Amino acid sequence: MRAGALDLADLRESIDTALAAFLCSPSSRVPAQRRRVGGGRDPDRTLASYVLAPGERVGPLLCLLGWYAAGGGRDGKGEEAAVRLAASLELLHAFTLIHDDIADENDGRRGAPGAHRTFAVRHRERAAPDTSGRNPAVLLGDLALVRCDEMLHSAGFTHRQYRVLLPLVDTLRNEVVLGQYLDARTAGPPGADIALASRVVRLRTARYAVERPLRLGAVLAGAGARTLEACSAYALPLGEAFRLRDDLRGTFGDPAVTGQPVTEDLRSGRATVLMALAVRRASRSQARLLRRFVGDPGLDARGAAAVRRVLEETGARETVEKMITARYEAALAALERAPFVPRAADALRRVAAEAAARTA
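Letter by letter, the sequence shown follows residues 1 to 360 of my numbering.
1) Could you check which residue in Val351, Ala357, Ala355, Ala356 has the C-alpha nearest to that of Leu8?
2) Can you look up Val341 in the DSSP assignment and give me helix, strand or coil?
3) Of all the options Tyr50, Cys63, Cys24, which has the alpha carbon lying nearest to the alpha carbon of Arg79?
4) Anyone know if the C-beta pair for Arg337 and Ala241 falls short of 7 Å?
5) Jot down the residue ranges of each uninterrupted alpha helix (DSSP H) in the region 239-293, minimum 4 residues, whole runs only, in chain order.
6) Thinking C-beta only, is Gly71 closer than 7 Å to Val341?
7) Could you check where the alpha helix (DSSP H) with Leu19 kicks off and where it finishes?
8) Does DSSP put Pro43 in a helix, a strand or coil?
9) Report yes or no: do three or more beta-carbon pairs, one from the region 173-180 and one from the region 239-253, lie closer than 8 Å?
10) Going by DSSP in three states, Thr303 sits in which element: helix, strand or coil?
11) Please list the terminal residues of the continuous alpha helix (DSSP H) segment that includes Leu388.
12) Between the beta-carbon of Arg343 and the beta-carbon of Leu6, is there less than 7 Å?
13) Are the CB atoms of Arg84 and Arg12 nearer to each other than 7 Å?
14) Out of Ala48, Leu65, Arg74, point me to the one whose CA is closest to Leu335's CA.
15) By DSSP, does Leu52 sit in helix, in strand, or in coil?
16) Just checking my contact of Ala86 with Ile15 at CB under 8 Å: how many whole Å lie between their CB atoms?
17) Tell me where the alpha helix (DSSP H) around Pro60 begins and ends.
18) Let me know the alpha helix (DSSP H) ranges lying completely inside the region 165-225, each 4 residues or longer, listed in chain order.
19) Between which residues of its own chain and Leu332 is the CB-CB distance below 8 Å, once the five residues before and five after are set aside?
20) Work out the CA separation of Arg163 and Met323 for me, nearest whole Å.
21) Taking the Cβ atom as the reference point for each residue, do Asp265 and Gly250 lie within a distance shorter than 7 Å?
22) Quick one: residues in its chain with C-beta nearer than 7 Å to the C-beta of Leu347, no 5 flanking neighbours on either side, listed in chain order?
23) Report yes or no: do the region 309-322 and the region 266-280 share at least 3 C-beta pairs separated by less than 8 Å?
24) From Ile194 to Asp149, what distance separates their C-alpha atoms?
25) Can you check whether the CB of Leu91 is closer than 7 Å to the CB of Arg147?
26) From the DSSP output, in three-state form, read off Asp296 for me.
27) According to DSSP, is Arg317 helix, strand or coil?
28) So for Thr158, helix, strand or coil by DSSP?
29) Can you tell me whether Val262 is buried or exposed, with buried defined as 16 or more other CB within 10 angstroms of its CB?
30) Alpha carbons only, please: which of Gly76, Ala21, Phe95, Lys77 is nearest the one belonging to Arg145?
Below, the structure is given as C-alpha cells:
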C-alpha cells in the first residue's frame, strides 16, 4: 500500500479500541455501586461483549472516512473526536440490531446468538425462558442507545460542532426508525411494489448506514456544500448496492458465511426489491408458490429451494445483480468528481469494492 494510504483494517481497529475503552471503563454517569446487579452479569459487560463481537463496522468506518475526505487530520484531539463519533454509531447500530432480532424472532446474526437468545439461555430454568430472554434484551438495546448518547456528549466537540452534528444524528435516527417501521408493516405475503421496497432500502441502509455516517464525519471536519453533495452522490448508490447484496445473501448465501439460515428472510416476508421483481414477473403458478411459502414462519429448506428457483426463473436475481453493478459504478463515478482528499477517495473506492463483492 502506498505511503500515506488509509488502511481500512487499522481504521476499524481504532473504532473497536475506542469502543472497548469507553464500554469497559467506569465512564458512565451512573456510580459504579449502583450498576451492580445482584445475581447477574453487569449489563455494561453484556453490552460490551455484544458490541465488540466481530462485525463490518460499515457506518463507523464511513464516518471516519468522511472526516478524512473533508480534510480532517490524522492526529490530535480532532481525530480523537472523529473516532468517538464513529464509534458511537456502532452503539446506535447495536440498539437497532438487538430490537430488530427480537421483533423478527431471529436466532442470531454474525454467527452468534441474538441478545434475547443469550438471555433466554441464562434464564432457562425459569417458567418462561423466552420471555425472560426478550425482556432484558429490550433493556440491553435501550442501554446501547443511552451509551451512544453518552459517548457523543463526551466526545469533546466544540459548541459549533454540537450545533451542526446533533440535528444530523436526529435525522439519521428518525430515518432508520421509519425504515424499520415500513419493513415491519410490509412483512408478510409478497407484493410487487418495487417503489416501496426501494424506499425501505434507501431509509434502512443507503441513508442510515452509508450516507448519513459519511456526511457526519465530513461535517465534523468542516465540509462545505460541494463536499457534502459529493458524499451523497457516492453514498446513496453504494448504500443501495450494499442492501441489494444483503438481500441476495439472505436468500442465496452460504449460512457458514452469512451467519444466518437461508430461510430466515423468506420466513419474515420482508419487502425486498428481489421479491417484488419476482412477483411482478411471475406466472400464475409461480405467484401461487410465492404466496404459499414467502412469509410462512414454518418454511422449511425444501420450500425455500422452491422459492429460490422462482427467483432464478423470473430473472429477479439476475436483475438485482445488474442493479448492484450499476450502483457500484455510479458510486465510483461520483468519487472521480468528488473534491475529496485523495487518500480518502482511494479508501472509499476500496469500501465500494468490498460492498459490491460481498459473498452471496
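For glycine and all other residues, C-beta sits at the position ideal for the given N, C-alpha and C. For clarity, every value in this text was computed on a predicted model and none was experimentally measured.
With the structure as the only source:
1) Indexing the sequence shown from 1 puts residue 8 at position 8. Among Val351, Ala357, Ala355, Ala356, the Cα nearest to that of Leu8 belongs to Val351.
2) Along the sequence shown, read from residue 1 onward, the residue named residue 341 stands at position 341. Val341: coil per DSSP, three-state reduction.
3) Here residue 79 corresponds to residue number 79 of the sequence shown, with the count starting at 1. One detail in the question is off: residue 79 reads as Glu in this sequence, not Arg. Minimum Cα distance to Glu79 is reached at Cys63.
4) On the sequence shown, residue 337 is found 337 positions in, with the first residue counted as 1. On the sequence shown, residue 241 is found 241 positions in, with the first residue counted as 1. No, they are not a contact pair.
5) 255-258, 264-268, 273-281, 284-293
6) Taking the sequence shown and counting its residues from 1, the one referred to as residue 341 is at position 341. Taking the sequence shown and counting its residues from 1, the one referred to as residue 71 is at position 71. It is a contact, given that the beta carbons lie within the stated cut-off.
7) Counting from one through the sequence shown, the residue named residue 19 turns up at place 19. Per DSSP, Leu19 belongs to the alpha helix (DSSP H) from 8-23.
8) As a working mapping, residue 43 is identified with position 43 in the sequence shown. Three-state DSSP puts Pro43 in a helix.
9) no
10) Residue mapping note: residue 303 aligns to position 303 of the sequence shown, counting from 1. Looking at the sequence provided, one finds Gly at residue 303 rather than Thr. Of the three classes helix, strand and coil, the one that applies to Gly303 here is helix, per DSSP.
11) Here the chain comprises residues numbered 1 to 360, so residue 388 is not present and cannot be evaluated.
12) The count along the sequence shown starts at 1 and reaches residue 343 at position 343. The count along the sequence shown starts at 1 and reaches residue 6 at position 6. Cβ atoms of Arg343 and Leu6: closer than 7 Å.
13) Within the sequence shown, numbered from 1, the residue matching residue 84 stands at position 84. Within the sequence shown, numbered from 1, the residue matching residue 12 stands at position 12. Not in contact: Arg84 and Arg12 (Cβ atoms no closer than 7 Å).
14) Working through the sequence shown from its first residue, we reach residue 335 at position 335. Checked all of Ala48, Leu65, Arg74; the closest Cα to Leu335 is Leu65.
15) Against the sequence shown, residue 52 aligns to sequence position 52. Assigned with DSSP and collapsed to three states, Leu52 falls in coil, not helix or strand.
16) The residue you call residue 86 lines up with position 86 of the sequence shown. The residue you call residue 15 lines up with position 15 of the sequence shown. That pair is a contact at about 5 Å.
17) Here residue 60 is taken as the residue at index 60 of the sequence shown, counted from 1. That run of the alpha helix (DSSP H) goes 58-69.
18) 194-201, 212-220
19) Locating residue 332 in the sequence shown gives position 332, where the first residue counts as 1. Within the same chain, Leu332 has close Cβ partners Arg349, Ala352.
20) Translated into positions along the sequence shown, residue 323 becomes position 323. Translated into positions along the sequence shown, residue 163 becomes position 163. If you take the alpha carbons of Met323 and Arg163, they lie about 38 Å apart.
21) Here the question's residue 265 lines up with position 265 in the sequence shown. Here the question's residue 250 lines up with position 250 in the sequence shown. Contact flag set, yes.
22) Position 347 of the sequence shown holds residue 347. Correcting the residue type first, residue 347 is Ala in the shown sequence and not Leu. If we look at Ala347 and ignore the five residues flanking it on each side, its Cβ neighbours are Leu6, Leu8, Leu65.
23) yes
24) The residue you call residue 194 lines up with position 194 of the sequence shown. The residue you call residue 149 lines up with position 149 of the sequence shown. Their backbone Cα atoms lie some 35 Å apart in a straight line.
25) Working through the sequence shown from its first residue, we reach residue 147 at position 147. Working through the sequence shown from its first residue, we reach residue 91 at position 91. Closer than 7 Å, so yes.
26) As a first step, residue 296 must be located in the sequence shown, where it is residue number 296. The answer is coil: DSSP assigns Asp296 none of H, G, I, E or B.
27) As a first step, residue 317 must be located in the sequence shown, where it is residue number 317. Helix.
28) Along the sequence shown, read from residue 1 onward, the residue named residue 158 stands at position 158. Of the three classes helix, strand and coil, the one that applies to Thr158 here is coil, per DSSP.
29) Working through the sequence shown from its first residue, we reach residue 262 at position 262. Val262 counts as buried, since no fewer than 16 other beta carbons sit within 10 angstroms of its beta carbon.
30) As a first step, residue 145 is located in the sequence shown; it is residue number 145 there, counting from the start. Checking the sequence shown, residue 145 turns out to be Leu, not Arg. Nearest option by C-alpha distance: Phe95.
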